[in-house]
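> Pasting a structure here, questions to come.
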Amino acid sequence: MELLFKFENFEGPLDLILFLVKKNKLNIREIPLSLLADEFMNYVNKMQEMNLNITSEFIVTASYLMELKSRSLLPRSNEDQEFQKSKERFYAQVEQYAKLKEMVENIKNLDNIELKNYPVNVRIVFPKINEKKLKKLIKSTLQEIEIKQKIYQIKKEELSIEVVMSRILNNYIGKNLIDILKESKTKYEFIVKFLAVLELINLNKIYLDKKLKIKRVRKNAKRSNSVG
Amino acid sequence: MQKDQIALVEAIIFASRGIKKQDLLNLTNFSEELLDKIINYLQNKYNNSEEHGIELRDIDGFFRFYSKESFSNTLSKIIKKRSLNSLSETQLEIVLLLATHKKMTKPEIDNIRGKDSYNVLKQLLSSGVIKRYKKGRGYIYSLTDVFKDETMVEELVKDLGGVNIDHSGS
Amino acid sequence: MQKDQIALVEAIIFASRGIKKQDLLNLTNFSEELLDKIINYLQNKYNNSEEHGIELRDIDGFFRFYSKESFSNTLSKIIKKRSLNSLSETQLEIVLLLATHKKMTKPEIDNIRGKDSYNVLKQLLSSGVIKRYKKGRGYIYSLTDVFKDETMVEELVKDLGGVNIDHSGS
């Protein structure tokens, strides 16, 4: 019945064994090998039924446990040196892993622990090297970055002339050209706006009146007094 | 000036990677006069003694212990020094970007370089030049203290005028 | 025991992140007797003086200077320690193993964990937590200096009593 418990996802066989040990509330050495082996097998089978990911390590450990179990059931198993050795090796491995897990828990829980002794550092003074060549290299790389950075900003602003042209037609009709240009945040924006205005004039969509106000060219209307 | 006061200041300076006088004052609650006296005492003790291999320096307002210059040749033999010269040009580009910006995301780096930086970042991470920490879905990259210490890249960049970054746009 | 000999040993120990006696011998060309004398002298000078905030310790055969315990409260306020909590539990397992064992092969790690560590090692490598070098057919894994420096994981493990893992079993 207890197999119907919600399954944790055991990463490896040792995680499952630690779980079983905890469940039995005993020390691993106090749990009969046969019980441990059976419970392990049950879980592995159940995991298989549930289509959980079972790595080959689970299968290897299961068969190893079954072997230990069968040998433990033989008469005089206590005198079987070979068996005692295998058993000891298995316990040692589980205990070692339990210690590691405990350490992980400790560190997780006590993250802001103060250290008793902090390692101290001094800055090492290295001999002067040929800095000329290095500085030249750094300088040229820095310049390259600067150029790339500018291009990056332009890309980021997405100020294509087309976009600005439609912005002018939608928002800037009737406004003064100088005022619009003055609003530019960067030199690039200034240039793009100016080019957009020129392009619109060229396409005969707008014209500038005497006071440099942007006016829409109306179809069939006579274009006069335009500044070209 | 008591012995334990000297020891406290010494411990703080040693454990820090360079510390300002104001921070020392805050941490110790000493008067400025006392702190000056202790610093003076320490500098005298370390810097002027032939028995000491290190000295206390004040560089740009940061107090820190440095190995003495006379040992620089020996030390350079044992301490594996990361050198800017050993970086490829692509690696150097990213290092200099980070030396200027301090912290950057991968998209920011990619954007400026106009290409994907996945492989270079991986190389730099695994060689201890840069580190990263998770923020939201991505990572923030910066230079490691060890690398900064060993190459003094930030000082070099500053000396050369740095990258002229227009922060208004970003 | 001359003054400049003391200064040299001091400079090397300070500059290193923990150094073995054998390495000190190789670097200085001193006799073992002389080196022992100098180390003794340094330990006496720093460790037993109330005027010093740091002490020279020998931890698992590595000599390094550490701040004295009485200052840990103050120092914890200024030392920026990277948190280990950004690592997953599985990653932390391997990090703690390496913090204890210093150097391990993948089969050794797999053996203790009872499962394959390929993917975790790959993650740790690419994020600069561990490094590896080829030896024979396999690799030897260890923590990077940068990671050790920033997290002080080795000191944490020591303070918590160590993982105390039986070396005979692996």
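Protein chains in written order, with numbering that gives the first Met the number 0: chain A, 0 to 227; chain B, 0 to 169; chain C, 0 to 169. In this text, a Cβ means the ideal position worked out from N, Cα and C, and glycines have one as well.
1. Measuring only the C-alpha atoms, how far is B/Y45 from B/F146?
2. Thinking just about the alpha-carbon of each residue, which of B/R136, B/Y138, B/K130, B/I37 is nearest to the one in B/D144?
3. Using a Cβ cut-off of 7 Å, which residues of the region 106–129 of chain B contact any Cβ in chain A, in chain order?
4. If I follow the unbroken alpha helix (DSSP H) through C/E92, where does it start and stop?
5. Helix, strand or coil for C/F61 per DSSP?
6. Measuring only the C-alpha atoms, how far is A/K86 from C/S30?
7. Taking A/R166 as the query, report the chain B residues whose CB atoms sit under 9 Å from its CB, ordered along the chain.
8. Could you tell me the distance, in whole angstroms, from the CA atom of C/D115 to the CA atom of C/D109?
9. Skipping 5 residues on each side, what residues in its chain have a beta carbon closer than 8 Å to that of B/I18?
10. Indicate the three-state DSSP secondary structure (helix, strand or coil) for A/P74 in the structure shown.
11. Out of A/P74, A/L73, A/F39, which has the shortest C-alpha to C-alpha gap to A/P12?
12. What's the gap between the Cα of A/G173 and the Cα of B/D59?
13. Rounded C-beta distance between C/E88 and B/A6? I'm assuming under 8 Å.
14. At least one CB of chain B closer than 8 Å to the CB of C/L7: is that the case?
15. List the residues that DSSP assigns as beta-bridge partners of C/T104.
16. List, in order along the chain, the chain A residues whose C-beta lies closer than 7 Å to that of C/Y65?
17. Going by alpha carbons, who is nearest to A/S159 out of A/V196, A/E143, A/Y171, A/L136?
18. For C/L123, which option in C/Q90, C/K79, C/E54, C/L97 has the closest C-alpha, if you only look at C-alpha atoms?
19. A/L207 lies in the beta strand (DSSP E); which residues open and close that run?
20. Please classify B/N84: is it buried, with 16 or more other beta-carbons within 10 angstroms of its beta-carbon, or exposed?
21. Which of the three DSSP states is assigned to B/S48 in this structure?
22. Would you check if the distance between the CB atom of A/L199 and the CB atom of B/L95 is smaller than 8 Å?
23. Skipping 5 residues on each side, what residues in its chain have a beta carbon closer than 8 Å to that of B/T27?
24. Taking B/N47 as the reference, give the member of C/K2, C/K76, C/N43 with the closest Cα.
25. Among the residues of its own chain, which have a CB less than 6 Å from the CB of A/S71, if the five just before and after it don't count?
26. The alpha helix (DSSP H) with A/K86 in it runs from where to where?
27. Taking the C-alpha atoms as reference points, what is the distance between B/T150 and B/S82?
28. Measure the C-alpha to C-alpha separation of B/K134 and C/V128 and round it to an integer number of angstroms.
29. Which two residues bound the contiguous beta strand (DSSP E) that contains A/I213?
30. I need the boundaries of the beta strand (DSSP E) containing B/N129, first residue and last residue.
31. Nearest by alpha-carbon distance to C/S141: which of C/L159, C/G52, C/T99 is it?
32. Which chain A residues are close to C/E49, counting only those with a beta carbon under 7 Å from its beta carbon?
33. Can you pull the chain C neighbours of B/S15, defined as C-beta to C-beta under 7 Å?
Judging by the given coordinates:
1. In a straight line, the C-alpha of B/Y45 is about 26 Å away from that of B/F146.
2. With distances taken between CA atoms, B/D144 lies nearest to B/K130 out of B/R136, B/Y138, B/K130, B/I37.
3. Going along the region 106–129 of chain B in chain order, one finds N110, I111, R112, G113 with a Cβ nearer than 7 Å to chain A.
4. Start and end: 88–100.
5. Look at C/F61 here: in three-state DSSP terms it is strand.
6. Each residue's alpha carbon lies about 49 Å from the other.
7. Those within 9 Å of A/R166 in chain B number zero; the least Cβ separation is about 18 Å.
8. The alpha-carbon atoms of C/D115 and C/D109 are separated by roughly 5 Å.
9. Result list for B/I18: I11, I12, F61, F62, R63, in chain order.
10. Here A/P74 sits in coil by DSSP.
11. Ranking A/P74, A/L73, A/F39 by Cα distance to A/P12 puts A/F39 first.
12. Going from the Cα of A/G173 to the Cα of B/D59 covers about 56 Å.
13. C/E88 to B/A6, Cβ: 40 Å. No contact.
14. Under the Cβ distance rule, C/L7 counts among the residues neighbouring chain B, one pair being separated by less than 8 Å.
15. In DSSP, C/T104 forms a bridge with C/I139.
16. Using a Cβ-Cβ cut-off of 7 Å, C/Y65 is close to N116, Y117, P118, V119 of chain A, given in chain order.
17. The shortest Cα separation from A/S159 among A/V196, A/E143, A/Y171, A/L136 belongs to A/V196.
18. Among C/Q90, C/K79, C/E54, C/L97, the Cα nearest to that of C/L123 belongs to C/Q90.
19. Residues 205–207.
20. Taking all protein chains in view, the Cβ of B/N84 is surrounded by fewer than 16 other Cβ atoms within 10 Å, so the residue is classified as exposed.
21. Correct three-state label for B/S48: coil.
22. Remark: C-beta atoms of A/L199 and B/L95 do not approach each other more closely than 8 Å.
23. Cβ neighbours of B/T27 beyond the five flanking positions: Q4, L7, V8, I11, L34.
24. When C/K2, C/K76, C/N43 are compared, the shortest CA-CA separation from B/N47 is found for C/K2.
25. Same-chain partners within the cutoff: L32.
26. Annotation: the continuous alpha helix (DSSP H) that includes A/K86 extends over 80–108.
27. Whole-angstrom Cα-Cα distance: 6 Å.
28. So the two alpha carbons sit approximately 18 Å from each other.
29. Taken as a continuous stretch (DSSP letters only), the beta strand (DSSP E) holding A/I213 covers 213–215.
30. First, the amino acid is wrong: residue 129 of chain B is Ile here, not Asn. B/I129 -> beta strand (DSSP E) spans 129–134.
31. The shortest Cα separation from C/S141 among C/L159, C/G52, C/T99 belongs to C/T99.
32. Neighbours of C/E49 on chain A: none; closest Cβ ~17 Å, over 7 Å.
33. Those within 7 Å of B/S15 in chain C are I77.
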